[in-house]
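K.L.:
The structure that follows is given in the form of structure tokens.
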Amino acid sequence: MENIIFLSIVIIFTIYYIYLTVKDVKDSLKKMTFELTQPNEKSKCPDYWDLHVDKDGNVTCIDTQQIGDSKIDPMCTELNFNTNNRYNMSDEDKCNWSTKCKIPWIGYDKIC
1 MENIIFLSIV IIFTIYYIYL TVKDVKDSLK KMTFELTQPN EKSKCPDYWD LHVDKDGNVT
61 CIDTQQIGDS KIDPMCTELN FNTNNRYNMS DEDKCNWSTK CKIPWIGYDK IC
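Quick note: the sequence shown uses my numbering, first residue 1, plus one each step.
Shown next as structure tokens:
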């Protein structure tokens with residue numbers, strides 16, 4: 001009888017150990033897949049926008065694909081980093097801006 005109880009306990013712990021190992025491997029693969037699909041560097045401009053730098057070094061992102069909606073906010077069609085200090089915006093500010101304007105910006109639009 002004692003052998004059956006001992007064997008049952010060993011089997012239960014073995015199954016539990018296997019479960020934890022499989023779960024850990026799945027979590028690791030999921031994390032690795034996520035990291036591989038994310039860009040390494042965040043873009044200075046929203047997705048599909050063009051970055052322009054003039055001879056004085058002024059940086060402007062222009063919505064050449066007409067993704068932004070100027071009815072929401074005139075700032076949704078052009079980002080002039082020199083006049084409105086958007087170049088120094090925090091990641092959360094960029095997220096809030098892209099969400100408000102309904103503009104995709106990989107690396108920013110999902111963090112707020």
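Using N, Cα and C, we set each Cβ at its ideal position, and we do this for glycine too. Bear in mind that the values here come from a model prediction, so they are computed numbers and not experimental data.
Excluding the 5 residues flanking D73 on each side, which residues of the same chain have their C-beta closer than 8 Å to its C-beta?
P.N.:
So the list reads K100 and C101, once near-sequence residues are dropped.
K.L.:
State the Cα-Cα distance for the pair E2 and S8, rounded to the nearest angstrom.
P.N.:
Approximately 10 Å, taken between the alpha carbons.
K.L.:
Does the structure place the region 40 to 56 close enough to the region 11 to 29 that three or more beta carbon pairs sit under 8 Å?
P.N.:
With the cut-off at 8 Å, the region 11 to 29 and the region 40 to 56 do not touch.
K.L.:
If you run the structure through DSSP and keep just helix, strand and coil, what is N58?
P.N.:
The answer is coil: DSSP assigns N58 none of H, G, I, E or B.
K.L.:
Got a sec? Which residues, its chain only, sit under 7 Å from H52 by beta carbon, not counting five neighbours each side?
P.N.:
If we look at H52 and ignore the five residues flanking it on each side, its Cβ neighbours are T60 and I62.
K.L.:
So, I106 versus W97, is the Cβ gap smaller than 9 Å?
P.N.:
Contact: no.
K.L.:
Classify L20: buried if its beta carbon has 16 or more other beta carbons within 10 angstroms, exposed otherwise.
P.N.:
Flag for L20 reads exposed.
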